[in-house]
Amino acid sequence: RYIDGLAAERRTSPRDDLMTALVEAEDAGDRLSRDELLGMVFLLLTAGHETTVSLITSGVRALLDHPEQLALLRDEPALIDGAIEELLRYDGPLLTTELYYARRPLDLRGVRIPAGEVVLPVLLSANRDEATFERADALDIRRDPNPHLAFGRGAHFCLGAPLARLEGRVAIAALLRRLPDLRLADPDAAPRYENAWILHKPRELRLAWG
Numbered sequence: 066r067y068i069d070g071l072a073a074e075r076r077t078s079p080r081d082d083l084m085t086a087l088v089e090a091e092d093a094g095d096r097l098s099r100d101e102l103l104g105m106v107f108l109l110l111t112a113g114h115e116t117t118v119s120l121i122t123s124g125v126r127a128l129l130d131h132p133e134q135l136a137l138l139r140d141e142p143a144l145i146d147g148a149i150e151e152l153l154r155y156d157g158p159l160l161t162t163e164l165y166y167a168r169r170p171l172d173l174r175g176v177r178i179p180a181g182e183v184v185l186p187v188l189l190s191a192n193r194d195e196a197t198f199e200r201a202d203a204l205d206i207r208r209d210p211n212p213h214l215a216f217g218r219g220a221h222f223c224l225g226a227p228l229a230r231l232e233g234r235v236a237i238a239a240l241l242r243r244l245p246d247l248r249l250a251d252p253d254a255a256p257r258y259e260n261a262w263i264l265h266k267p268r269e270l271r272l273a274w275g
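All the letters of the sequence shown, read from the start, carry residue numbers 66 to 275 under this note's numbering.
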């Protein structure tokens, strides 16, 4: 309903923004249908906003939970790129992917998957795979190489990965620079997450400073 209303408003009062561009987009005279417009805006909100917010929130939490890694990053700000990759691996913004179906029988580390079986990749589990990552449950901002799957792989690799990395890098670096005494408001409180299928979204992050 909100997106419908916003689209209707932009049709009568266009602005220099993304919604107006989508409403006015044409391809050989064809414009986006209502369902296409809703689907695209929903994807932009979830993939371009929710996941980045979760990356920043979970990333800050992970650093505050590991003071030695936080101190290392404060002492060596140039490590921020590697830190973002490790935060994506350690507690990334996506729990799973979409459902897949096995096209043929296959054996995955001793588990037999018949043709036609539903397969649901769990990204957070894959990113803690001890066969791939040494000390997989440890946060290590110097980890290299770091072949995490937070953005998927192959043909379905996330197109927004460069932007997500940039936003995470800028936001976390700015927080640490401007708030040198940043800390958890309640260090003993366990993190809570939204009950979602694909998104791994923290419900809140209570912080204190000053």
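For every residue, glycine included, the Cβ atom is placed at its ideal position computed from N, Cα and C.
The model shown is predicted, which means the values in this text are computed figures rather than measured ones.
V176: member of the beta strand (DSSP E) spanning 176-178, first to last residue. For I121, same chain residues with a beta-carbon under 7 angstroms away, outside a window of 5 residues either side, are G233, A236, I237 in chain order. Going by DSSP, L83 is part of the alpha helix (DSSP H) stretching over 83-89. The continuous beta strand (DSSP E) containing D172 extends over residues 171-173. In the structure shown, T162 falls within a coil segment according to DSSP collapsed to helix, strand and coil. DSSP, read as helix, strand or coil, puts R96 in strand.
Spatial neighbours of D205 in its own chain (CB-CB distance under 8 angstroms, excluding positions within 5 residues in sequence) are listed in chain order as Q134, E151. With respect to W274, R248 sits close: the two C-beta atoms are nearer than 8 angstroms.
In the three-state reduction of the DSSP assignment, L272 falls in the strand class.
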